[in-house]
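Worksheet: the structure to be examined is printed underneath.
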Amino acid sequence: MTSAKNQVTSDTAQDTLARKSESANLISGGRLVAKALKAEGVDTIFTLCGGHIIDIYDGCIDEGIRIVDVRHEQVAAHAADAYARQTGRLGCVVTTAGPGCTNAMTGIATAFRSESPVLHIGGQGALNQHKMGSLQDLPHVDMMAPITKFAAGVRSTERIADMISMAARECFSGAPGPAYLEIPRDTLDREV
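As numbered in my numbering, residues 9 to 200 make up the sequence shown, in order.
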């Protein structure tokens, strides 16, 4: 006998699958992030699950990128730094907006001083709510600029892959070091 709860879960899953098949020609910003990371050789991200960045995880699963979910964003940043130092490859930390980003700052500052190539991708509230007090809205790019080689916001879903490629190049050009990209929630959610 099937319970009503199981039936609701099953219906929801079927609805999601149907929606995915209807939009097979479209891709979300979160999935574009994962594809771009894969193209840069990223096989692991370090993160603490957060609402602003949830679409990135779906893309990482699809692309076979390992998600290491930790208990604190500072740990995620230090782990990405350690990964980069040990492998010589691009380390990647993904944080939610506000305290997610600020909690990672110590690890990013360490990567900066250690000349470690780490890409920090941070979430942000929707563009139409930017600087209007949306949930966890802070000037992340301004805060990260002094401790990164490159800090920018991605304001259009179409630019995600280009911006990730640019940030990754900056991590390795000259003396290696970290880069920061802020990607608003609606930019990640949007399908192109």
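C-beta: ideal position from N, C-alpha, C; glycine also. On a predicted model such as this, the values are computed, not experimentally measured, just so you know.
Residues that DSSP places opposite residue i in a beta bridge
i           : result
residue 47  : According to DSSP, which records beta bridges pairwise, residue 47 is partnered with nothing at all.
residue 129 : 102, 189
residue 53  : 75
residue 36  : 199
residue 90  : Paired residue(s): none; residue 90 is not in a bridge.
residue 158 : 187
7 Å CB neighbourhood of residue i in its chain, flanking five on each side removed
i           : result
residue 194 : 134, 135
residue 200 : 34, 35, 165, 166
residue 75  : 53, 55, 65, 68
Residue i to residue j span [Cα, whole Å]
i           : j           : result
residue 177 : residue 57  : 26 Å
residue 107 : residue 182 : 31 Å
residue 86  : residue 116 : 7 Å
residue 113 : residue 65  : 21 Å
residue 145 : residue 101 : 19 Å
residue 147 : residue 157 : 17 Å
residue 124 : residue 32  : 38 Å
8 Å CB neighbourhood of residue i in its chain, flanking five on each side removed
i           : result
residue 197 : 36, 37, 38, 63
Residue closest to residue i, alpha-carbon to alpha-carbon, out of the options
i           : options            : result
residue 50  : 72, 33, 32, 66     : 72
residue 47  : 97, 86, 79         : 97
residue 152 : 128, 42, 76        : 128
residue 104 : 124, 77, 94        : 77
residue 110 : 169, 171, 130, 175 : 130
residue 41  : 184, 173, 80, 179  : 173
Spatial neighbours of residue i in its chain, beta-carbon cut-off 6 Å, leaving aside the 5 residues before and after
i           : result
residue 126 : 88, 89, 92, 99, 119, 186
residue 159 : 149, 152, 153, 188
Contiguous alpha helix (DSSP H) assignments of at least 4 residues, all confined to the segment 162-193: Unbroken alpha helix (DSSP H) runs of no fewer than 4 residues, entirely contained in the segment 162-193, are found at 168-180, following chain order.
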